[in-house]
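Numbering (the UniProt record's numbering), first residue to last: 1 to 139.
Glycine is no exception: its CB is placed at the ideal position from the N, C-alpha and C atoms.
Please read the structure below before turning to the comments.
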Ligand code: 5GP
Ligand code: ZN
């Protein structure tokens, strides 16, 4: 398959590896948002996080957890932003599941998850409307 991250997983394309096990690889992002910005991938191809099985995503997140602790400690970071862009609407550019671990430093000028998007009108923040959304998601 002509997939950039499959090629990084197989070693066909080189990467600056941080950690690896049989199913996962963590490597430095080539365009880092902050010092130590790391991408974690499952070696098995899936297009996006939402297409992984629950079991495989649980294993992926366990691996992410370990790598994130290593980054936080060894780079003396003050915090971490951890997330995944799912599909183009969310900004995904490489269609192979990956989790970003972005070390955060006091005063780095970055925002929180809340700064990604702010598209809800006042009506959409109303409790009655939120209850409708709750039902829609749970159905
Ligand atoms: P996305 O935008 O899909 O969530 O994230 C893809 C990430 O992969 C981007 O942060 C981008 O900088 C990184 N990236 C793209 N191509 C390469 C590459 O060839 N090597 C490495 N190490 N990172 C890459
Ligand atoms: Zn792939």
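Taking one beta carbon from each stretch, the stretch 2-16 and the stretch 90-97 have 3 or more pairs nearer than 8 Å; the two touch. Membership of residue 5 in the alpha helix (DSSP H) is indicated by the continuous run 4-10. With respect to the 7 Å criterion, residue 137 and residue 103 are not classified as neighbours on the basis of their beta carbons.
Note on geometry: alpha-carbon atoms of residue 24 and residue 34 lie some 22 Å from one another. Per DSSP, reduced to three states, the secondary structure at residue 66 is helical. Of the candidates 131, 11, 79 and 28, 28 places its Cα closest to the Cα of residue 18.
Remark: the shortest separation between the CB of residue 94 and any heavy atom of the ligand 5GP falls under 6 Å. When Cβ pairs closer than 8 Å are counted between the two stretches, the stretch 76-91 is seen to touch the stretch 42-54, the count reaching three or more. Put simply, of 90, 42 and 126 the residue whose alpha carbon is nearest the alpha carbon of residue 117 is 90. A check of alpha carbon separations from residue 62 across 111, 41 and 119 identifies 41 as the nearest. According to the DSSP secondary-structure assignment, residue 80 is paired through a beta bridge with 103.
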